[in-house]
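Chemist:
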Amino acid sequence: MRDTSISRSRKAKGVECPHAGYINLAKSYASYFDFVAGHDATTLSSSLGYDGSISEMYSAWVAGAEVVMLSKSELRSGPDLLPTLKAREVTALFCPPILLSTLTSNPAQDLPYPICRYVIPAGEAFPASLVKPWTEGRRQVINTYGPTEVSTDT
Numbered sequence: 025m026r027d028t029s030i031s032r033s034r035k036a037k038g039v040e041c042p043h044a045g046y047i048n049l050a051k052s053y054a055s056y057f058d059f060v061a062g063h064d065a066t067t068l069s070s071s072l073g074y075d076g077s078i079s080e081m082y083s084a085w086v087a088g089a090e091v092v093m094l095s096k097s098e099l100r101s102g103p104d105l106l107p108t109l110k111a112r113e114v115t116a117l118f119c120p121p122i123l124l125s126t127l128t129s130n131p132a133q134d135l136p137y138p139i140c141r142y143v144i145p146a147g148e149a150f151p152a153s154l155v156k157p158w159t160e161g162r163r164q165v166i167n168t169y170g171p172t173e174v175s176t177d178t
């Protein structure tokens, strides 16, 4: 049983998911993102009790990539997160879209490619206004928001 977001009725929801599904999901993400052991790094921005944390952690671990756990202050303020993304050379940024709106108005300049070459928003709807600034150059945005992230990304 995997916990998901809180419903409008404020009751916790859960979805039964087989363990093999998570392994397949992690391998699929690692392959898609072309993670290289010892070279790539992802972020962990989700609570460990949230279904999205599986994608964030295990996709890196199955490929031997690093997982950078973000602090509460980094998640609350985009400018506080910029130095961490650069210093740790994060290549796949998992985060809620609201963080992208505060992180930088010019990602191409402030986070030069290949830093954050993949941006994976989840947890809430991804506003159309963020598409253009976050997809300039070779950076890719992979929106994973949806009902139970489509039961963990189908």
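Positions 25 to 178 (the working numbering) are the ones given, in order, by the sequence shown.
Beta carbons: idealized from backbone N, C-alpha and C, even for Gly.
(1) Indicate the three-state DSSP secondary structure (helix, strand or coil) for Pro151 in the structure shown.
(2) Are there 16 or more other CB atoms within 10 angstroms of the CB of Ser69, so buried, or fewer, so exposed?
(3) Sorted by chain position, which residues of the same chain lie with C-beta nearer than 8 Å to Trp85's C-beta, five sequence neighbours on each side aside?
(4) Here's the rule: buried if 16 or more other CB atoms are within 10 angstroms of the residue's CB, otherwise exposed. What is Glu80?
(5) Could you compute how far the alpha carbon of Arg163 sits from the alpha carbon of Thr128?
(6) Within the same chain, show all residues whose beta-carbon is closer than 7 Å to that of Pro138, passing over the 5 residues directly before and after it, in chain order.
(7) Which residue wins for smallest C-alpha separation from Ser97, given the options Ile78, Asp75, Tyr82, Thr126?
(8) Excluding the 5 residues flanking Phe57 on each side, which residues of the same chain have their C-beta closer than 6 Å to its C-beta?
(9) Output the boundary residues of the alpha helix (DSSP H) element that contains Glu90.
(10) Is Pro151 near Pro121, with beta carbons less than 9 Å apart?
(11) Which residues in the same chain have their Cβ closer than 7 Å to the Cβ of Trp158, if we skip the five residues on either side of it in sequence?
Modeler: Put simply:
(1) coil
(2) Buried, because 16 or more other Cβ atoms sit within 10 Å of the Cβ of Ser69.
(3) Ala50, Val91
(4) buried
(5) 15 Å
(6) Closer than 7 Å at the Cβ level, and outside the excluded window around Pro138, lie Thr115.
(7) Thr126
(8) Once the five neighbours on either side are set aside, the close Cβ partners of Phe57 are Ala116, Tyr142.
(9) Not the alpha helix (DSSP H): Glu90 falls in the beta strand (DSSP E), residues 90-93.
(10) yes
(11) Leu124, Pro131, Val143, Val165
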